[in-house]
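Enquirer: Please read through the structure below; I'll follow up with questions.
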Amino acid sequence: MTRTIAVTGAAGQIGYSLLFRLAAGFVYGDEPIRLRLLEIPQAMQALEGVVMELDDCAFTQLEAVEITDDPATAFDGVDAALLIGSMPRKKGMERADLLQKNGEIFSTQGRALENAAGHVKVVVTGNPANTNALIASHHAPDIPKTQFTALTRLDHNRALSQLAAKATEVTGEPVQVQDLERVAIWGNHSATQYPDISHARLTGRPLAEVIGDEAWVADEFVPTVAKRGAAIIAARGASSAASAAHATLEHLRDWEHGSNGGWVSMAVHSQGEYDVPAGLVSSFPVVCADGGYEIVTGLEVDAFSRKHIDTSVAELQAERETAQELGVL
Ligand SMILES: NC(=O)c1ccc[n+]([C@@H]2O[C@H](COP(=O)([O-])OP(=O)(O)OC[C@H]3O[C@@H](n4cnc5c(N)ncnc54)[C@H](O)[C@@H]3O)[C@@H](O)[C@H]2O)c1
Ligand SMILES: O=C(O)C[C@H](O)C(=O)O
710 MTRTIAVTGA
720 AGQIGYSLLF
730 RLAAGFVYGD
740 EPIRLRLLEI
750 PQAMQALEGV
760 VMELDDCAFT
770 QLEAVEITDD
780 PATAFDGVDA
790 ALLIGSMPRK
800 KGMERADLLQ
810 KNGEIFSTQG
820 RALENAAGHV
830 KVVVTGNPAN
840 TNALIASHHA
850 PDIPKTQFTA
860 LTRLDHNRAL
870 SQLAAKATEV
880 TGEPVQVQDL
890 ERVAIWGNHS
900 ATQYPDISHA
910 RLTGRPLAEV
920 IGDEAWVADE
930 FVPTVAKRGA
940 AIIAARGASS
950 AASAAHATLE
960 HLRDWEHGSN
970 GGWVSMAVHS
980 QGEYDVPAGL
990 VSSFPVVCAD
1000 GGYEIVTGLE
1010 VDAFSRKHID
1020 TSVAELQAER
1030 ETAQELGVL
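If you're matching positions, the sequence shown starts at 710 in my numbering and goes up one per residue.
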């Protein structure tokens, strides 16, 4: 079966990091794919250049590449849609500042997604990702809400990397990210997000016990992960791109093929789990299997976690209200 994958903002920096790895089989292996690339009219020439480079790679599993500036054409019959195209945050901007600019884009694209295959998997990377996913989903009422997700896998990966480094320092042994389990991101993909290690394990042992330093967790780990996006903008003068592309592909790969019982973080529609108000798109620990995902249930939420989750969820509620005031929700 040949899958058709739509990628928006395909001429942007994340697009440029993502398309070649997608075409080389990172998500679908040897299975053939078709790409449908969406851009705004002003970027179509640059997009043609990207297509020339895709052609020049002679990828064996890439059957076709189509480009368009029309969302309805882009999403027609697609199996997956990676919604990356939007305006990125610049120095000094908060993600909420982007809502006005990007809300309209995701309303239009939500409506156009009704042309997609009934089983379409939607991954929103463009910021503010959680609320953009909510907006797109709102405008595509015929598509089940579970099929709209937003990216917090980058935050998840950032957390894993910080934790592996700390565990290496504390234990004096090399700790790899794959030695860590049950790490989770909750809430919004923003500076209020909550990277949670209260359930995490290092080769079976409670990670918090191995680290043994609550102050480090509260004062260094949580803010470092939550503000990593801004740190990269400050250092690079542009927002993260290669790591965001990688995380987007891992999100889709695990959703398609499963996470082998392991926890990953995805922002998904809440149905009231863990007292996150129903209808918000919020990050949770999930396990992916059989082409779907399930929020991990039955976790104890300690007071520290509750405080952080509530703060981030309050921000999501405020974004939802802003979107409603702007008329995009
Ligand atoms: N969720 C995450 O973890 C995460 C991480 C990094 C970046 N981001 C976000 O991803 C988005 C893209 O980042 P980037 O660095 O690739 O930006 P970029 O400016 O390099 O590229 C964005 C592209 O989107 C295109 N675009 C704009 N409006 C469009 C529309 N209506 N339809 C189709 N394409 C459109 C632009 O022409 C541009 O080519 C930004 O919102 C950024 O903040 C999210
Ligand atoms: O922080 C940003 O604006 C970019 C992106 O969301 C990131 O987390 O790197």
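Where a beta carbon is used, it is the ideal one built from N, C-alpha and C, also for glycine.
Mind checking whether the beta-carbon of Asn836 lies closer than 7 Å to any heavy atom of ligand 1?
Expert: Yes.
Enquirer: Report the residue ranges of all beta strand (DSSP E) runs contained in full by the region 790–866; include only those spanning at least 3 residues, in chain order.
Expert: For the region 790–866, whole beta strand (DSSP E) runs of length 3 or above, ordered along the chain, are 830–833 and 857–859.
Enquirer: Compare the Cα-Cα distances from Leu792 to each of Gly819, Arg712, Gln754 and Asp888 and report the closest residue.
Expert: When each option's Cα is compared against that of Leu792, the closest is Gly819.
Enquirer: Out of Tyr983, Thr777, Met710 and Ala935, state which residue places its alpha-carbon closest to the alpha-carbon of Arg862.
Expert: Closest option to Arg862, Cα to Cα, is Ala935.
Enquirer: Under a three-way DSSP split, which group does Arg891 fall into?
Expert: Arg891: coil per DSSP, three-state reduction.
Enquirer: Determine the burial state of Arg1015: buried for a count of at least 16 other Cβ atoms within 10 Å of its Cβ, exposed for fewer.
Expert: So Arg1015 ends up on the exposed side.
Enquirer: Is any heavy atom in ligand 1 found nearer than 7 Å to the beta carbon of Gly1054?
Expert: Absent from the model: residue 1054. The displayed extent of the chain is 710 to 1038, so no value can be given.
Enquirer: Can you give the beta carbon distance from Gly835 to Ser992, rounded, assuming they're within the 8 Å contact cut?
Expert: Contact flag wrong, Cβ pair sits at about 16 Å.
Enquirer: If you run the structure through DSSP and keep just helix, strand and coil, what is Pro932?
Expert: In the structure shown, Pro932 sits in a helix (DSSP, three-state: H, G or I).
Enquirer: Select from Lys875, Glu775, Ser816 and Thr877 the residue whose C-alpha is nearest the C-alpha of Ala849.
Expert: Per the Cα distances, Ser816.
Enquirer: Going by alpha carbons, who is nearest to Gly1000 out of Gly724, Gln809, Val831 and Asp785?
Expert: Checked all of Gly724, Gln809, Val831 and Asp785; the closest Cα to Gly1000 is Val831.
Enquirer: Please state the DSSP three-state secondary structure of Thr877.
Expert: The answer is helix: DSSP assigns Thr877 an H, G or I state.
Enquirer: Tell me which residue opens and which closes the beta strand (DSSP E) that Glu775 is part of.
Expert: From DSSP, the beta strand (DSSP E) with Glu775 extends over Leu771 to Thr777.
Enquirer: Taking just the CA atoms, how far does Glu982 sit from Gly988?
Expert: Rounded to the nearest angstrom, the two C-alpha atoms are 11 Å apart.
Enquirer: So Phe1013 is in the alpha helix (DSSP H); what residue range does that whole segment cover?
Expert: Residues Ala1012 to Glu1034.
Enquirer: Let me check you understand the geometry: is the CB of Ala956 closer than 7 Å to at least one non-hydrogen atom of ligand 1?
Expert: Ala956: yes, Cβ under 7 Å from ligand 1.
Enquirer: Taking only the alpha-carbon atoms, compute the straight-line gap between Gly967 and Ser974 and give it to the nearest angstrom.
Expert: When rounded, the distance between both Cα atoms is 13 Å.
Enquirer: Cβ of Glu1028 within 7 Å of any heavy atom in ligand 1?
Expert: Not under cutoff, so the answer is no.
Enquirer: Please return the same chain residues whose Cβ sits closer than 7 Å to the Cβ of Gly812, not counting the five positions on each side in sequence.
Expert: Closer than 7 Å at Cβ, skipping near neighbours: Ile844, Ala1032, Leu1035 and Val1037.
Enquirer: Given a cut-off of 8 Å, decide if Ala874 and Ala696 are closer than it, judged by their beta-carbon atoms.
Expert: Nothing in the structure corresponds to residue 696, since the chain is present only between 710 and 1038.
Enquirer: To which residues of the same chain is Pro741 closer than 7 Å at the C-beta, ignoring the five residues directly before and after it?
Expert: The residues are Thr711, Gln770 and Glu772.
Enquirer: By Cβ distance, which residues of its chain are closer than 6 Å to Asp788, with the 5 residues on each side in sequence left out?
Expert: So the list reads Arg712, Thr713 and Ala826, once near-sequence residues are dropped.
Enquirer: Consider the C-beta atom of Glu929 and the heavy atoms of ligand 1; say whether any pair is separated by less than 7 Å.
Expert: It does not: the Cβ of Glu929 is nowhere closer than 7 Å to a heavy atom of ligand 1.
Enquirer: Going by C-alpha distance, which of Asp739, Met753 and Tyr737 is nearest Thr717?
Expert: When only C-alpha atoms are compared, the closest one is Met753.
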